[in-house]
Each structure stands twice: as C-alpha cells, then as structure tokens.
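The sequence shown begins at 1 in the UniProt record's numbering and counts up one residue at a time.
Have a look at the structure below, then the notes.
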Amino acid sequence: MAEDQRELQLLPTSSSSWLSCHTSNSSSNNRPTTADAFESPSLDLQLSMSFQQVQPAPDCEVLDRLETLRAYEDTKTDGNCIKALKQHAAEQIRLAAIDKAHVDRMRELTRWEMELAESEFTRAKHMWNRAREEVQQAERMKEKATRRVDSMCMEITCQSCRQRFRP
C-alpha cells in the first residue's frame, strides 16, 4: 500500500448551488408540477484525478476492519487450500479403494477361473484316460476276434495242408 494510488473525486459544478436553492423553494410546495420536473437542470459532475498518496487516518476503524478482513480472507484462503487438499486426498483415497476393490474382485474371478480350468483339465484328463482304456479294450477285442477268425479260417482250410488261412 506504499505505492501511489489514484484518487478520483466527483466535484459538482456551479449549477449545484441552483439545485440547493431550488430544493429549498420547492419544499414550500407540497406537490411538484411537471414544469418543475423539466426545469431542473441536469446534474453535471466534473471528474478530477490526483496522484497523491492516500494516507489513512490513524483512528480509522474501517481500514482496521479491512485489514482484519484481508487477514481473515488470507487464512480463509489457506483454509480453503487445506480443505481442497483434504478433499483431493479423500478423493484419491476413495479412488484407490475402488481400484483395490476392483483388483480384489478381478483376483477372485481369476482364482475362480483357474479353479474351473483345473477342474475342467482334471475332467478332460479323466476322459482321456477313459478313452485310452476304451481304445485298449477295443484293441484287445480286435486281437481276440482276429484269433477267432484265424481259428475259423483254419477250419475252412483243408485238413491235409494245415496252413492257416490269411485273408
């Protein structure tokens, strides 16, 4: 506040003296006429600027209150920053908790899918073993049938040569 400040003042022109006279005369009349309303001159103000340092009066309570208000606003701004940081941190914690819950859910689903895959693999392995056993049984039946056919073919062959019939 040690900088030079511009001071603006609105100064009335000389017609303001006419206005004060006119208001004292019109106070005797209770009802203003339309002619009085149009006869009053427009209020012309002159604008003056000065480049003086504005020095507050030492006993000015308004400036003290203004400084107190500014200090309060600064602490309020700091409080707002702290509040915003706390809200941001809370939001980050909330998002992290959501992400953790999502990861836990995905881990649970993955574990369930792995268990399902393991059970399907075990079932497929069991089916493979069963199919292999059935193939082995079919091969045994084939060999047995081949021996029977061979023995029957032997019967078909002539008894004198005793050669096995091979189709």
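Beta carbons: idealized from backbone N, C-alpha and C, even for Gly.
All of these numbers come straight from a predicted model, not from anything done at the bench.
Rounded separation between Lys142 and Met127 - CA only: Straight-line spacing of the CA atoms in Lys142 and Met127 works out to 22 Å.
Span separating the alpha-carbon of Leu85 from that of Ile98: Approximately 20 Å between the Cα atoms of the pair.
Reduced DSSP category for Pro32 - H, G, I as helix; E, B as strand; rest coil: Caution is warranted here: a pLDDT of 48 is assigned to Pro32, below 50, making its placement in the model unreliable, and the coordinate value is therefore given only provisionally. Under the three-state reduction of DSSP output, Pro32 falls in the coil class, being neither helix nor strand.
Inter-residue spacing [alpha-carbon to alpha-carbon] between Arg105 and Ile93: For Arg105 and Ile93, the distance between alpha carbons rounds to 18 Å.
Complete runs of the alpha helix (DSSP H) confined to the stretch 116-143 [at least 4 residues]: List check, alpha helix (DSSP H) in window: nothing returned.
Backbone CA spacing between Thr122 and Leu116 [nearest angstrom]: Looking at the two C-alpha atoms, the distance is approximately 10 Å.
Span separating the alpha-carbon of Ser119 from that of Lys83: Each residue's Cα considered, the two are about 53 Å apart.
Own chain residues within Cβ distance below 8 Å of Pro58, not counting five before or after: In this prediction, Pro58 has a pLDDT of 49, which is less than 50 and means its spatial position is unreliable; what the coordinates show is noted afterwards. Hits under 8 Å: none found.
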